[in-house]
Structure formats: structure tokens, C-alpha cells
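Here is the structure we will look at, set down as C-alpha cells.
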Amino acid sequence: MVVDTKQRHLKVYEDSQLVINQLLGLYEVKNPELLPYHNYAKRLMGWLEDVELEHLPRRDNKQADALAKLASTLSMTDKEARIPICKSWVIPSIFNDDEDDMFQ
1 MVVDTKQRHL
11 KVYEDSQLVI
21 NQLLGLYEVK
31 NPELLPYHNY
41 AKRLMGWLED
51 VELEHLPRRD
61 NKQADALAKL
71 ASTLSMTDKE
81 ARIPICKSWV
91 IPSIFNDDED
101 DMFQ
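Quick note on UniProt numbering: the sequence shown kicks off at 1 and runs consecutively.
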């Protein structure tokens with residue numbers, strides 16, 4: 001997606017320090033099933049001017065945790081699966097004293 005939008009700078013928040021270290025070349029990818037994903041990520045990183053990888057523990061990012069759990073329950077098929085993500089914002093009412101009088 002970042003390549004499609006022609007962005008050249010990317011900050012990635014990852015909950016796995018192992019994956020970060022593998023992408024930085026500090027550790028090798030030992031699982032052969034993960035190697036294609038690693039190589040693809042490295043290729044994408046090569047297209048960008050600046051990629052910053054930051055470790056964010058899963059407990060500190062509930063949305064990423066929920067998405068990771070959802071992704072792990074899906075079986076990969078040849079068909080593309082789109083999962084809409086809706087974020088709702090709850091905006092509290094904030095009034096000063098004069099505005100409170102107006103609604104009474």
C-alpha cells in the first residue's frame with residue numbers, strides 16, 4: 001500500500017523484536033516457510049528511502065493484537081480476502097459553564 005501511494009518514508013510498528021532483528025539483518029530467518037515473507041518485506045523496504053522499525057509490545061497495541069489474532073484464524077486461499085476495519089471515535093461532550101446554562 002505504501003508503495004502504491006508513492007510514499008518514500010515509512011515507520012513500522014512491530015510487536016515481534018525477532019522480526020525486527022531479522023529485517024535489520026541481525027538474526028537469520030530459520031523457518032523456511034517464513035523466508036518468502038521476509039524476502040518480500042526486504043524488497044519493499046528497498047523501494048523506500050527511509051524505513052524505521054520500532055518495537056511495540058503487543059500489550060501496548062490492542063488493535064494490532066486483534067488484527068493479528070484475526071489473521072491467524074483465517075486460512076490462506078488462492079482467493080483474496082478483504083476484511084473491513086471500522087474505527088469509531090467517541091467524542092465526549094465538553095461544555096464550559098456558559099454552555100451548560102444554555103441547555104437547561
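Every residue gets a Cβ at the ideal spot worked out from N, C-alpha and C, and that includes glycine.
In this structure, L10 sits away from L53, with a CB-CB distance that is not shorter than 7 Å.
DSSP places K30 in no alpha helix (DSSP H); its state is neither H nor E. The stretch 30-37 makes no contact with the stretch 61-76: fewer than 3 CB pairs, one atom from each, lie closer than 8 Å.
Boundaries of the beta strand (DSSP E) harbouring L53: D50 to H55, taken from the DSSP string.
When beta bridges are read from the DSSP output, L10 appears opposite V51.
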